[in-house]
Amino acid sequence: MYPHERSLVKKMEGKPFVLVGVNSDMDKKALKEAMEKEQITWRSFWDQNTGGPIASSWNIHGWPTLYVIDDKGIIRHKWVGSPGEKVMDDSIEKLVKAAEGGNEPGK
Amino acid sequence: MYRMVGVVLLLLPALPAAGAEDKPKDTPADQYQALVKQYQDDMNAFMKDYRSAKTQEERQKAFEKYPQPDKLAPKFLELAEKNPKDPAALDALLWVVTNARVQGKDSARSKALAGLSKDWVESPKIGPACLALAQSIDKQTETFLRAVLDKNPSRDAQGAACVALAEYVKNRASTVDQLKNQPQFAKVYENMLGKDYYQELMKLDPEKANKEAEDLYERAADKYGDVKLANGTVGSMVKPQLFEIRHLSVGKKAPEIEGEDIDGKKFKLSDYKGKVVMLDFWGNW
């Protein structure tokens, strides 16, 4: 996942898009090291473990789970596991274009 | 001559008694337990081999001995077929439905489901079977769950069927959603579900399905909240699912998240309003 996430973040630089993680690793120190090693530059909530407060309230049972939320705060996609690079990129590009254009996001 | 006959006569009565002790009649319950034990023994033997494997090659070899439930399933089905009214038949059919992996028209699982539909829809003990089927997406499962919900006189069974049906509807909608993005699996699912039903599924309206699931979860919480399940109650199972459907499905406004980042700094999801956000639940474990 990380290489694609990295390239997605790079592609969207300067555009109204942000990747926000919710991380479930228990060991903060090991996590920081891993993030440096993998060049994970985007911000994550630290949720402490897979049963953490955020994952529990969002009813997460599989990792990764991805939600795409548009510029108006509406959930537009939910994927358990990656839907594949093409589906992910196309879906996000569509929503970012709509956010840039200031139009109603197309369905 | 007289004494010899006496000796022979003394021997004869002993023989039939010894014969009767060698072959006791196994009850269906005994036979069921024996099959379960056989599976468990095979599993234990596999685990022992797998744990002692030291190389990838040895591990792969160990996997060849993995006890496939579908191989033993026909024996459970036979037991149920020969004793259709015995409680052990329900146990046997439940075993197949819970453990067999292969799906599709002539699979053991499908046959077990047919057996449950034929003889056990009104049994007060059918709850666990309903819950075991909740993750399926085939038509046979839907028909069975609706039949239990409509016809079963026991409140416990109705409760289990109601929440299982809600799970089924919700799970089917999200599976179909994922399949729409994975055309490479179309053939596999067409074969498993039948071409007609597969095409019917592809036309499912996800919003309608979520509404139906929501109604069923509400009904389960209102009417059967206190019904006990294997893990908790119908109520405790329904609560997070209802929250998800009401607040976390496509089209809903994302709830706020407040938390700390890796450096301990506080931030909120709403900090990013005006931008498209991909929220990524991940772990490095």
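Those protein sequences? They're chains A and B, same order as listed.
Counting in my numbering, the first sequence runs from 26 upward without gaps.
Counting in my numbering, the second sequence runs from 71 upward without gaps.
Quick reminder that beta carbons are idealized off the backbone N, C-alpha and C, glycines included.
All of these numbers come straight from a predicted model, not from anything done at the bench.
- Message: Contact criterion: CB-CB distance below 8 Å. Does B/ILE332 meet it with respect to chain A?
- Response: In the second sequence, the residue the question calls residue 332 of chain B occupies position 262. Nearest CB-CB separation between B/ILE332 and chain A: below the 8 Å threshold.
- Item | Reduced DSSP category for B/ASP266 - H, G, I as helix; E, B as strand; rest coil | The residue you call residue 266 of chain B lines up with position 196 of the second sequence. Of the three classes helix, strand and coil, the one that applies to B/ASP266 here is helix, per DSSP.
- Message: Would you say A/LYS53 lies against chain B (beta-carbon separation less than 8 Å)?
- Response: Here residue 53 of chain A refers to the residue found at position 28 when the first sequence is read from its first residue. Using beta-carbon distances, A/LYS53 counts as an interface residue toward chain B, with a partner under 8 Å.
- Query: From B/GLY353 to B/LYS336, what distance separates their C-alpha atoms?
  - Reply: As a first step, residue 353 of chain B must be located in the second sequence, where it is residue number 283. As a first step, residue 336 of chain B must be located in the second sequence, where it is residue number 266. In a straight line, the C-alpha of B/GLY353 is about 20 Å away from that of B/LYS336.
- Message: As a quick exercise: from A/GLU30, A/LYS36, A/GLU61 and A/ARG31, pick the residue whose alpha carbon is nearest that of B/ILE332.
- Response: Your numbering for residue 332 of chain B matches position 262 in the second sequence. For the residues A/GLU30, A/LYS36, A/GLU61 and A/ARG31, the minimum Cα distance to B/ILE332 belongs to A/GLU61.
- Near-chain A residues of the segment 312-323 of chain B - C-beta to any C-beta below 8 Å: Correct list: PHE313, GLU314, LEU318, SER319, VAL320, GLY321, LYS322 and LYS323.
- Which residue spans inside the segment 56-114 of chain A form an unbroken beta strand (DSSP E) run of at least 3? Counting whole runs of 3 or more residues, the segment 56-114 of chain A contains the beta strand (DSSP E) stretches 69-71, 90-94 and 100-105.
- Item | C-alpha gap between A/VAL47 and B/ALA234, whole angstroms | Sequence index remark: in the first sequence, residue 47 of chain A carries index 22 (1-based). Sequence index remark: in the second sequence, residue 234 of chain B carries index 164 (1-based). Each residue's alpha carbon lies about 30 Å from the other.
- Task: Could you please give the first and the last residue of the uninterrupted alpha helix (DSSP H) stretch that includes B/TRP165?
- Result: One-based indexing of the second sequence puts residue 165 of chain B at position 95. 157-169 is the span of the alpha helix (DSSP H), which, as asked, contains B/TRP165.
- Query: Any idea what DSSP makes of B/GLU277, helix, strand or coil?
  - Reply: Along the second sequence, one-based indexing puts residue 277 of chain B at 207. The three-state secondary structure of B/GLU277, taken from DSSP, is helix.
- Closest by C-alpha distance to B/LYS188, when choosing among B/ASP208, B/ILE207 and B/ALA217: Start at 1 with the first residue of the second sequence, and residue 188 of chain B comes out as number 118. Checking every option, the nearest Cα to that of B/LYS188 belongs to B/ALA217.
- Item | Whole-number beta carbon distance between B/ILE315 and B/TYR287, since they are thought to touch under 8 Å | One-based indexing of the second sequence puts residue 287 of chain B at position 217. One-based indexing of the second sequence puts residue 315 of chain B at position 245. Right, their Cβ atoms sit about 7 Å apart.
- Contact list for B/TYR342 against chain A, beta-carbon separation under 8 Å: Indexing the second sequence from 1 puts residue 342 of chain B at position 272. The answer, in chain order, is VAL43 and VAL45.
- Would you verify that the beta carbon of A/GLY98 is, or is not, closer than 8 Å to some beta carbon of chain B? Along the first sequence, read from residue 1 onward, the residue named residue 98 of chain A stands at position 73. Yes - at least one Cβ of chain B is within 8 Å of the one on A/GLY98.
- Message: Can you list, in chain order, the residues of its chain with a C-beta nearer than 8 Å to that of B/THR245? Leave out the 5 residues immediately preceding and following it.
- Response: Locating residue 245 of chain B in the second sequence gives position 175, where the first residue counts as 1. If the five residues before and after B/THR245 are omitted, its C-beta is found closer than 8 Å to the C-beta atoms of ILE207, all from its own chain and listed in chain order.
- Coarse secondary structure for A/MET37, derived from DSSP in three states: Here the question's residue 37 of chain A lines up with position 12 in the first sequence. Here A/MET37 sits in coil by DSSP.
- Message: If I measure Cβ to Cβ from A/GLY76 and keep anything under 8 Å in the same chain, skipping five residues before and after, which residues do I get?
- Response: Here residue 76 of chain A refers to the residue found at position 51 of the first sequence. Same-chain partners within the cutoff: there are none.
- For the putative contact between B/ALA290 and B/GLY229, defined by C-beta atoms under 8 Å, what is the C-beta separation to the nearest angstrom? As a position in the second sequence, residue 290 of chain B is number 220, starting the count at 1. As a position in the second sequence, residue 229 of chain B is number 159, starting the count at 1. That pair is a contact at about 7 Å.
- Query: For B/VAL308, which of helix, strand or coil comes out of DSSP?
  - Reply: For this step, residue 308 of chain B is matched to residue 238 along the second sequence. In the three-state DSSP reduction, B/VAL308 falls in the helix class (H, G or I).
- Ordered list of alpha helix (DSSP H) runs contained in the segment 116-152 of chain B, each at least 4 residues: Here the runs fully enclosed are 126-133 and 139-152.
- Message: Any beta carbon of chain B sitting closer than 8 Å to that of A/HIS102?
- Response: As a working note, residue 102 of chain A is residue 77 in the first sequence. The beta-carbon of A/HIS102 is placed less than 8 Å from the nearest beta-carbon of chain B.
- Item | Per-residue contacts from A/SER32 into chain B (C-beta, under 9 Å) | For the purposes of this step, residue 32 of chain A is taken as residue 7 along the first sequence, with counting starting at 1. Within 9 Å Cβ-Cβ: nothing; A/SER32 doesn't reach chain B, min ~13 Å.
- Message: Which residues does DSSP list as the beta-bridge partners of B/LEU271?
- Response: Start at 1 with the first residue of the second sequence, and residue 271 of chain B comes out as number 201. In the DSSP output, where bridge partners are listed per residue, B/LEU271 has none listed.
- Query: Between the segment 238-254 of chain B and chain A, which residues of the former have CB atoms less than 9 Å from a CB of the latter, in chain order?
  - Reply: Flagged, chain order: SER244, ASP247, GLN248, ASN251 and GLN252.
- Query: Excluding sequence positions up to five away, which residues of its chain have a Cβ less than 8 Å from the Cβ of A/ILE100?
  - Reply: The residue labelled residue 100 of chain A in the question sits at position 75 within the first sequence. Closer than 8 Å at the Cβ level, and outside the excluded window around A/ILE100, lie TYR92, VAL93 and ILE94.
- By the criterion of Cβ-Cβ separation under 9 Å, what are the contact partners of A/GLY76 in chain B? Numbered from 1 along the first sequence, position 51 holds the residue referred to as residue 76 of chain A. Near A/GLY76 there are no residues of chain B at all, since even the closest Cβ is about 12 Å away, more than 9 Å.
- If the cut is a Cβ gap below 8 Å, which residues of chain B does A/ASP50 touch? On the first sequence, residue 50 of chain A is found 25 positions in, with the first residue counted as 1. In chain order, GLY353, ASN354 and TRP355 make up the part of chain B whose C-beta sits under 8 Å from the C-beta of A/ASP50.
- Query: Based on the DSSP secondary-structure assignment, which residues constitute the bridge partners of B/LYS298?
  - Reply: Start at 1 with the first residue of the second sequence, and residue 298 of chain B comes out as number 228. Among the bridge pairs identified by DSSP, B/LYS298 is matched with B/THR303.
- Output, in chain order, the set of chain A residues within a Cβ distance shorter than 8 Å of B/ILE207. Counting from one through the second sequence, the residue named residue 207 of chain B turns up at place 137. None at all; the shortest Cβ gap to chain A is about 15 Å.
- Item | Backbone secondary structure at B/GLY329 - three-state DSSP | Counting from 1 along the second sequence, the entry for residue 329 of chain B is found at position 259. The answer is strand: DSSP assigns B/GLY329 an E or B state.
- Item | Nearest candidate by alpha-carbon position, reference B/SER319, set A/TRP104, A/TRP88, A/PRO28 and A/GLU30 | The count along the second sequence starts at 1 and reaches residue 319 of chain B at position 249. Shortest Cα-Cα distance from B/SER319 to any of A/TRP104, A/TRP88, A/PRO28 and A/GLU30 involves A/TRP104.
- Decide if A/SER81 is buried, meaning its Cβ has at least 16 other Cβ atoms within 10 Å, or exposed. As a first step, residue 81 of chain A is located in the first sequence; it is residue number 56 there, counting from the start. Of the other Cβ atoms in all chains shown, fewer than 16 fall within 10 Å of the Cβ of A/SER81; this residue is therefore exposed.
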